[in-house]
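In full-length UniProt numbering, the protein residues as written are 1 to 75.
By construction, the Cβ of each residue, glycine as well, lies at the ideal position given by its N, Cα and C atoms.
Here the structure is a predicted model, which is why all the values come from computation and not from measurement.
Okay, structure first, notes after.
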Amino acid sequence: MPVHIKAHSDRCIGAGQCARILPALFDQNDATGTVTVLDATVEPATPTLIAKLAEVRDACPVAAIDIATAQEETP
Ligand code: SF4
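This is the structure:
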């Protein structure tokens, strides 16, 4: 099951929680400090990774990280 990651860099305040929690998937722009998603689609996404992504989403102080699994995308 793939998981899609979207970061709203316009909302990002460069707090760095995402890159600290999951540096394999999130980085910060050297100049602006805003978030960069290193891999917008991860497949297969293990339950461990999905839990970690949820932690990132919940830790972001401005709710700039969205994650969606294929399951959530189907009506
Ligand atoms: S945790 Fe949120 S505010 Fe902080 S760098 Fe990541 S996206 Fe930006």
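By the 10 Å Cβ neighbour count, where 16 or more other Cβ atoms means buried, how is V62 classified, buried or exposed? One-based indexing of the sequence shown puts residue 62 at position 62. By the 10 Å Cβ count, V62 comes out exposed.
Taking all protein chains shown into account, decide if A64 is buried (16 or more other Cβ within 10 angstroms of its Cβ) or exposed. Mapped onto the sequence shown, residue 64 falls at position 64. So A64 counts as buried.
Under 8 angstroms: does the beta carbon of A59 sit that close to some heavy atom of the ligand SF4? The residue you call residue 59 lines up with position 59 of the sequence shown. Yes; taking the cut-off as 8 angstroms, the Cβ of A59 has a heavy atom of the ligand SF4 nearer than that.
Are there any heavy atoms of the ligand SF4 lying less than 8 angstroms away from the beta-carbon of I65, as far as the coordinates show? For the purposes of this step, residue 65 is identified with residue 65 of the sequence shown, where counting begins at 1. Yes - the ligand SF4 has a heavy atom lying nearer than 8 angstroms to the Cβ of I65.
Can you give me the C-alpha to C-alpha distance between T48 and A31, rounded to a whole angstrom? For the purposes of this step, residue 48 is taken as residue 48 along the sequence shown, with counting starting at 1. For the purposes of this step, residue 31 is taken as residue 31 along the sequence shown, with counting starting at 1. If I take the Cα positions, the gap works out to 32 angstroms.
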